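Have a look at the structure below before the remarks.
Numbering (this note's numbering), first residue to last: 269 to 437.
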């Protein structure tokens, strides 16, 4: 008959695994470094898009390129081009969604063109309404009306550019 004995302590059979002091230091540094890296990457904001004068000069040049072709283009074509140029400028410079909306959506949106000064907003909205009306009326060639639209657009574009906040390095 065998004698009953107690279950032996397993610690005696496991190999001892000691961690030296430099291991603890390395583990502590790693635990401190991970939150610092996470904080740095999560809190860093992307650089804001640098808005230089290129959107203004591109828009002005595009408007001026239409001028020689006024005798060939209908009022609807000129209005569509001018509207696209102005909306593109507003989108690139003021980060407004004007380029991606219909005229009705733009007019009805409460925060439309909110970054523009009140005077500029009061001048550009009627021009955009005039352009929208001209785009959808029966097409005819009217160089005088087209000239007036482009001159008004250039004047408003100059006014908008003069009110834009400049980023000083």
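Where is the CB? At the ideal position from N, CA and C, for every residue including glycine.
Remember, predicted model here, so these are calculated numbers, not experimental data.
For residue i, which residues from the same chain have a beta carbon less than 6 Å from its beta carbon, with the 5 sequence-adjacent residues on both sides left out?
| i | result |
| --- | --- |
| residue 429 | 324 |
| residue 358 | 364 and 366 |
| residue 348 | 403 |
| residue 356 | 367 |
Just verifying my parser: in three-state terms, what is the DSSP assignment at residue i?
| i | result |
| --- | --- |
| residue 283 | coil |
| residue 399 | helix |
| residue 392 | helix |
| residue 288 | coil |
| residue 275 | coil |
| residue 408 | coil |
| residue 270 | coil |
| residue 303 | helix |
| residue 338 | coil |
| residue 311 | helix |
Can you give the beta carbon distance from residue i to residue j, rounded, assuming they're within the 8 Å contact cut?
| i | j | result |
| --- | --- | --- |
| residue 424 | residue 392 | 5 Å |
| residue 422 | residue 351 | So it is not a contact: roughly 14 Å between Cβ atoms. |
| residue 418 | residue 335 | 6 Å |
| residue 327 | residue 353 | 5 Å |
| residue 403 | residue 344 | 5 Å |
| residue 371 | residue 396 | 6 Å |
| residue 443 | residue 388 | The structure shown does not extend to residue 443, since the chain spans only 269 to 437, so no value can be given for it. |
Considering just the uninterrupted stretch of the alpha helix (DSSP H) at residue i, what are its terminal residues?
| i | result |
| --- | --- |
| residue 353 | 343-362 |
| residue 381 | Segment: none, residue 381 is in no alpha helix (DSSP H) and carries neither H nor E. |
| residue 373 | 371-376 |
| residue 366 | Residue 366 -> no alpha helix (DSSP H), and no H or E assigned at all. |
| residue 421 | 411-431 |
| residue 332 | 322-334 |
Can you give me the Cβ contacts of residue i inside the same chain, cut-off strictly under 7 Å, excluding the 5 residues immediately before and after it?
| i | result |
| --- | --- |
| residue 412 | none |
| residue 432 | 361 |
| residue 385 | 431 |
| residue 368 | none |
So, for residue i: in the same chain, excluding its five sequence neighbours on each side, which residues have a beta-carbon less than 8 Å away from its beta-carbon?
| i | result |
| --- | --- |
| residue 415 | 335 and 338 |
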